[in-house]
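If you use our numbering, the sequence shown corresponds to residues 1096 to 1385, in order. Heads up, the thing below is written out as structure tokens.
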Amino acid sequence: MNETVSQTDKTAATPSEHMVSLSLNQIIQDYPAPGGGVTRVIGGVDLVFERPGINMLLGPSGSGKSTLLNMMGGVRPLNVKTPTSGTISIDGQPCHGPHDDAVMVFQRYANRPDLSVYDNVAFPFRFKLWRERVPEKEWRARVAHMLDAVGLADKKALHPAQLSGGQNQRVALARALVLQPRILLMDEPFGALDAQTREEMQHLLIKLYRERPCLIVFVTHDVTEALMLGDRVVVLSTQPANVADDFAIHAPRPRSLDWQRSPEAVQLSERVLDQLHRVSPGKGSLRVTV
Ligand SMILES: Nc1ncnc2c1ncn2[C@@H]1O[C@H](COP(=O)(O)OP(=O)(O)OP(=O)(O)O)[C@@H](O)[C@H]1O
Ligand SMILES: [Mg+2]
């Protein structure tokens, strides 16, 4: 992590009850190669996220972003051990599987088609762990609050098929945040949405984050999205992936179109694009939505 980042992390610090840390220590990932042998996809990544903040993880397609994020969330593929070596720790404790405090949101929002919007948001409370942790009166209040916060209170009786893509992603976000996670791992959550809906969802995320800050790791292909949302931007190189750049953004959120066009933002955007082109000449897919 560079000097600028630690400065931002200090300014982003929130009260001690929200303290949280997530660290990746020398993470290496080898996957079976199609013709035999193995391919090293991740080549020794060290990353430390020390407190609440929005941390953007960028990198070309296939650079291993989802692999890293899934590891952080304890989601393990069936065919291979992950990580091959290295340690993931939450609050300083090595973590070998799903952690109750780390919740994931995917681009495919995984809403249950047979359940109403209300029941989709309340879904985690069907599980013993969460019912034991949160009394019914409280979880019902949380569900009502989240439905309101994501603007779906009047749609709570509808089913996912009756909603737009953006509304479905709101349901998924509400289902994640109703657990009040200390760590939120988001894998291109807005990647399938049109530009306007994506922007609305970015503003919603900023609003919800302000209400209850947590440690977010947000994977994106979109350089503009990274600059509009991030307290910190981490750029991965291509295979074997490593941290190619890691910098802080101090501008307050929401960041206006004027900020987006400011010399600072243009310079940061060029810095990321240069880095991505340097690490992956002609490879990967990147998006700039300026
Ligand atoms: N379970 C697996 N078994 C074998 N190879 C895998 C497995 N999961 C991922 N890979 C390979 O690892 C590489 C990184 O995949 P990953 O999905 O992490 O990349 P990504 O950066 O998230 O890509 P994208 O931006 O397209 O989502 C790819 O080459 C992929 O084929
Ligand atoms: Mg991915």
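The C-beta atom is built at its ideal place from N, Cα and C for all residues, glycine as well.
Taking 6 Å as the cut-off, is the CB of Ser1161 close to at least one heavy atom of ligand 1? Counted from its first residue, the sequence shown places residue 1161 at position 66. Ser1161 Cβ: within cutoff of ligand 1.
Does the Cβ of Arg1305 have 16 or more other Cβ atoms within 10 Å, making it buried, or fewer, making it exposed? As a first step, residue 1305 must be located in the sequence shown, where it is residue number 210. Arg1305 should be labelled exposed.
Range of the contiguous alpha helix (DSSP H) that encloses Gly1260: Start at 1 with the first residue of the sequence shown, and residue 1260 comes out as number 165. It spans 1260-1272 - the alpha helix (DSSP H) in which Gly1260 sits, taken as one unbroken run.
Can you find the residues in the same chain that come closer than 7 Å, C-beta to C-beta, to Ala1205, ignoring five residues on each side of it along the sequence? Your numbering for residue 1205 matches position 110 in the sequence shown. Ala1267, listed in sequence order.
Comparing alpha-carbon positions, which option in Arg1135, Gln1188, Asn1174, Arg1146 lies nearest Ser1180? If you number the sequence shown from 1, residue 1180 lands on position 85. Just measuring C-alpha positions, the residue of Arg1135, Gln1188, Asn1174, Arg1146 sitting nearest Ser1180 is Arg1135.
Candidates Leu1310, Ala1346, Leu1363, His1372: closest to Val1143 by CA position: By 1-based counting over the sequence shown, the position of residue 1143 is 48. It is Leu1310 whose Cα lies nearest to the Cα of Val1143.
Within 10 angstroms of its Cβ, does Asp1104 collect 16 or more other Cβ (buried), or is it exposed? The residue you call residue 1104 lines up with position 9 of the sequence shown. Below a pLDDT of 50, predicted positions are generally treated as unreliable, and Asp1104, at 38, falls in that range; the measurement from the model is reported next regardless. That one is buried.
By how many angstroms is the C-alpha of Met1166 removed from the C-alpha of Phe1220? Here residue 1220 corresponds to residue number 125 of the sequence shown, with the count starting at 1. Here residue 1166 corresponds to residue number 71 of the sequence shown, with the count starting at 1. About 24 Å.
Check whether the region 1270-1281 and the region 1229-1249 are in contact - that is, three or more C-beta pairs closer than 8 Å. Yes, the region 1270-1281 touches the region 1229-1249.
Nearer than 6 Å: is that true of the beta carbon of Ser1332 relative to any heavy atom of ligand 1? Indexing the sequence shown from 1 puts residue 1332 at position 237. Answer for Ser1332: no, Cβ out of range of ligand 1.
From Asn1215 to Arg1207, what does the alpha carbon distance come to, in whole angstroms? Within the sequence shown, the letter at position 120 stands for residue 1215. Within the sequence shown, the letter at position 112 stands for residue 1207. Rounded to whole angstroms, the separation of the alpha carbons of Arg1207 and Asn1215 is 6 Å.
Is DSSP giving Pro1189 helix, strand or coil here? Counting from one through the sequence shown, the residue named residue 1189 turns up at place 94. Here DSSP, grouped into helix, strand and coil, assigns Pro1189 to strand.
Tyr1204, DSSP secondary structure in three states: Numbered from 1 along the sequence shown, position 109 holds the residue referred to as residue 1204. The answer is coil: DSSP assigns Tyr1204 none of H, G, I, E or B.
Through-space distance from Ile1123 to Ile1137, alpha-carbon basis: Translated into positions along the sequence shown, residue 1137 becomes position 42. Translated into positions along the sequence shown, residue 1123 becomes position 28. For Ile1137 and Ile1123, the distance between alpha carbons rounds to 5 Å.
Check whether the Cβ atoms of Val1314 and Leu1152 sit closer than 7 Å, and answer yes or no. Translated into positions along the sequence shown, residue 1314 becomes position 219. Translated into positions along the sequence shown, residue 1152 becomes position 57. Their beta carbons are under 7 Å apart, which means Val1314 touches Leu1152 by this criterion.
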